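A.B. asks: These protein sequence lines are chains F and S, in that order.
Residue numbering for the first sequence follows numbering that gives the first Met the number 0, beginning at 0 and increasing consecutively.
Residue numbering for the second sequence follows numbering that gives the first Met the number 0, beginning at 0 and increasing consecutively.
Glycine included, each C-beta is placed from N, C-alpha and C at the ideal position.
Source: prediction; values computed, not measured.
There are 2 protein chains.
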Amino acid sequence: MVSPAGFIGQYRHALDEKGRVSVPARFREAMESEEGEGGLGLYVTVGLDRCLFAYTPVRWRAVTQSVRTTARHPFASRDARRFQRQFFASAAFCEPDAQGRILIPESLRAAAGLRRDVVFIGVEDRIEVWDAEAWIREETQGREDYERAAERALDLGGDLDAATRRHGDSATKEEIR
Amino acid sequence: MVSPAGFIGQYRHALDEKGRVSVPARFREAMESEEGEGGLGLYVTVGLDRCLFAYTPVRWRAVTQSVRTTARHPFASRDARRFQRQFFASAAFCEPDAQGRILIPESLRAAAGLRRDVVFIGVEDRIEVWDAEAWIREETQGREDYERAAERALDLGGDLDAATRRHGDSATKEEIR
DNA sequence: CCTCTATTCCCCACTTTTTCCCACTTCGCG
DNA sequence: CGCGAAGTGGGAAAAAGTGGGGAATAGAGG
Numbered sequence: 000m001v002s003p004a005g006f007i008g009q010y011r012h013a014l015d016e017k018g019r020v021s022v023p024a025r026f027r028e029a030m031e032s033e034e035g036e037g038g039l040g041l042y043v044t045v046g047l048d049r050c051l052f053a054y055t056p057v058r059w060r061a062v063t064q065s066v067r068t069t070a071r072h073p074f075a076s077r078d079a080r081r082f083q084r085q086f087f088a089s090a091a092f093c094e095p096d097a098q099g100r101i102l103i104p105e106s107l108r109a110a111a112g113l114r115r116d117v118v119f120i121g122v123e124d125r126i127e128v129w130d131a132e133a134w135i136r137e138e139t140q141g142r143e144d145y146e147r148a149a150e151r152a153l154d155l156g157g158d159l160d161a162a163t164r165r166h167g168d169s170a171t172k173e174e175i176r
Numbered sequence: 000m001v002s003p004a005g006f007i008g009q010y011r012h013a014l015d016e017k018g019r020v021s022v023p024a025r026f027r028e029a030m031e032s033e034e035g036e037g038g039l040g041l042y043v044t045v046g047l048d049r050c051l052f053a054y055t056p057v058r059w060r061a062v063t064q065s066v067r068t069t070a071r072h073p074f075a076s077r078d079a080r081r082f083q084r085q086f087f088a089s090a091a092f093c094e095p096d097a098q099g100r101i102l103i104p105e106s107l108r109a110a111a112g113l114r115r116d117v118v119f120i121g122v123e124d125r126i127e128v129w130d131a132e133a134w135i136r137e138e139t140q141g142r143e144d145y146e147r148a149a150e151r152a153l154d155l156g157g158d159l160d161a162a163t164r165r166h167g168d169s170a171t172k173e174e175i176r
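What follows is the structure, given as structure tokens:
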């Protein structure tokens, strides 16, 4: 069953020659639950650290909201325009076909260096799409730095529960096949 | 399907000898949905950074409003008037033919340095038209700053838990001027 | 005022790309 | 061992993109 709260786990799939890839079934369900709330599909854009970020329509609205306020006026500073361009131009709305696959545009595949094998990663409110090899490197690297990064990124002083709970229920079940 | 929120993505097309280009199908649909609300077509004018700005009739009304008020600014009145003149004088309403192509007037093509290959870019509430090579340069330039800015913008938009939000600030602060 | 020319507009035709659908394989589960 | 769900591949239909002919229109020049 899907975790109601957010996306967790990692799933390995293959891109075919047309650039299509199956959305992991677990993620698909969460995506469908938002039907009527903004269409069926995922907004995919260039993420950080050479991967793609994918959001459900509802989450996407929240993300664009903050980008919009970065430069609310179309004739704002040059930097603001550049950022807006980069952000919106690299995004795409990907709708699944009857088999639950989405087509990832060439420009996005190139941006994340996706080849044949890709990995979908649930990261709470977004899904990340990695080239399989790149993900292995990132994962390895991440494991080493895990504790150190956690200490910097999370506030270990106060809200221990929230951070711990989340990792507790995900870990064992969702391994890559 | 159309992205419900605004224009996103990038599409490369070719100008023919008559100065026509296909409007990307994704954008065309959004344009059509406004029929009856102000006609079928795009308002195209000189944009910033050597590209063209294109708006649907509905958006155009909003933009003219904001340009008008900008011009009232007491300190920038001279520049504002100049900008206003340029903006409106070079604007053209381009209606698509049966194939979904619009004819971009020679003066606008020259203003944006459009040659054969052009790129349409969705930037939320406007469409930008770039010469293909110029866009590649712009994109390359923008990418450097992109990750830095994205770290901040994406954090603000997501539905992050309290711990992350509290420390998202300190994590990225050092990298922002 | 008429004619000639250049431009615009409206189709038709062709090619490429995208979308849709069907079918096969694999895997998990009872 | 069978069944259904998930993942993958590929062919066919539909849509999108592109090129170009020729009628209609407008403008310049005689």
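Note down, one range per segment and in chain order, each alpha helix (DSSP H) of at least 4 residues found wholly within the region 49-129 of chain F.
C.D. replies: Correct list: 56-69, 77-88, 105-111.
A.B. asks: DSSP beta-bridge partners for ALA13/F?
C.D. replies: What you label residue 13/F is simply residue 14 of the first sequence in a count that begins at 1. Paired residues: ASP116/F.
A.B. asks: Determine the closest residue to ARG84/F out of ALA110/S, HIS12/S, TRP129/S, ILE101/S, with distance taken between C-alpha atoms.
C.D. replies: Within the first sequence, the letter at position 85 stands for residue 84/F. Nearest of ALA110/S, HIS12/S, TRP129/S, ILE101/S to ARG84/F, Cα basis: TRP129/S.
A.B. asks: Start and end of the beta strand (DSSP E) containing VAL43/F?
C.D. replies: On the first sequence, position 44 is the one that residue 43/F refers to. Start and end: 41-45.
A.B. asks: According to a CB-to-CB cut-off of less than 7 Å, which residues of the region 17-50 of chain S neighbour chain F?
C.D. replies: Hits within the stretch, in order: LEU47, ASP48.
A.B. asks: So which residues on chain F does ALA152/S lean against when the C-beta distance must stay under 8 Å?
C.D. replies: Mapped onto the second sequence, residue 152/S falls at position 153. What ALA152/S touches in chain F: VAL62, SER65, VAL66, THR69, PHE82, PHE86.
A.B. asks: Measuring alpha carbon to alpha carbon, tell me which residue in LEU153/F, ALA110/F, ARG114/F, VAL118/F is nearest ARG142/S.
C.D. replies: The residue given as residue 142/S occupies position 143 in the second sequence. Ranking the options by Cα distance to ARG142/S, first place goes to ALA110/F.
A.B. asks: Is the beta carbon of GLY18/F less than 8 Å from the beta carbon of GLU105/F?
C.D. replies: Counted from its first residue, the first sequence places residue 18/F at position 19. Counted from its first residue, the first sequence places residue 105/F at position 106. Taking 8 Å as the Cβ cut-off, GLY18/F and GLU105/F qualify as a contacting pair.
A.B. asks: Quick one: what's got a C-beta closer than 6 Å to SER21/F's C-beta in the same chain, skipping five residues either side?
C.D. replies: Start at 1 with the first residue of the first sequence, and residue 21/F comes out as number 22. Only HIS12, GLY99, ARG100 meet the Cβ criterion.
A.B. asks: Does any residue of chain F have a CB that is nearer than 8 Å to the CB of ASP130/S?
C.D. replies: Position 131 of the second sequence, counted from the start, is the residue given in the question as residue 130/S. Closer than 8 Å: no.
A.B. asks: Determine whether the beta carbon atoms of LEU51/S and LEU107/S lie at a separation below 8 Å.
C.D. replies: Counting from one through the second sequence, the residue named residue 51/S turns up at place 52. Counting from one through the second sequence, the residue named residue 107/S turns up at place 108. Yes.
A.B. asks: Between the alpha carbons of ARG125/F and VAL62/F, how many angstroms are there, rounded?
C.D. replies: Taking the first sequence and counting its residues from 1, one reaches residue 125/F at position 126. Taking the first sequence and counting its residues from 1, one reaches residue 62/F at position 63. Computed Cα separation, rounded: 11 Å.
A.B. asks: Is DSSP giving ALA149/S helix, strand or coil here?
C.D. replies: Your numbering for residue 149/S matches position 150 in the second sequence. It is helical.
A.B. asks: Below 8 Å between beta carbons: does that hold for LEU41/S and GLU31/S?
C.D. replies: By one-based count along the second sequence, residue 41/S stands at place 42. By one-based count along the second sequence, residue 31/S stands at place 32. For LEU41/S and GLU31/S, no; Cβs fall outside 8 Å.
A.B. asks: Spell out whether any CB of chain F is found under 8 Å from the CB atom of GLY121/S.
C.D. replies: For the purposes of this step, residue 121/S is taken as the residue at position 122 of the second sequence. GLY121/S counts as touching chain F.
A.B. asks: Tell me the rounded alpha-carbon separation between THR68/S and SER89/F.
C.D. replies: As a position in the second sequence, residue 68/S is number 69, starting the count at 1. As a position in the first sequence, residue 89/F is number 90, starting the count at 1. Roughly 31 Å separates the two Cα atoms.
A.B. asks: On a Cα-Cα basis, can you pick out the residue from CYS93/S, TYR145/S, VAL45/S that is closest to GLY112/S?
C.D. replies: Translated into positions along the second sequence, residue 112/S becomes position 113. Looking at the Cα atoms, VAL45/S is the closest of the given residues.
A.B. asks: Got a sec, what are the start and stop residues for the alpha helix (DSSP H) PHE26/F sits in?
C.D. replies: Residue 26/F sits at position 27 when you count from the first residue of the first sequence. Element bounds for PHE26/F: 24-31.
A.B. asks: Interface residues of chain F around GLU146/S at Cβ under 7 Å?
C.D. replies: As a first step, residue 146/S must be located in the second sequence, where it is residue number 147. The answer, in chain order, is LEU47.
A.B. asks: Can a CB atom of chain F be found closer than 8 Å to the CB of ARG179/S?
C.D. replies: Nothing can be reported for residue 179/S: it is not among the residues displayed for chain S, which extend from 0 to 176.
A.B. asks: Just to confirm before moving on: does the CB-CB distance between PRO56/F and PHE119/F stay below 8 Å?
C.D. replies: Along the first sequence, read from residue 1 onward, the residue named residue 56/F stands at position 57. Along the first sequence, read from residue 1 onward, the residue named residue 119/F stands at position 120. No.
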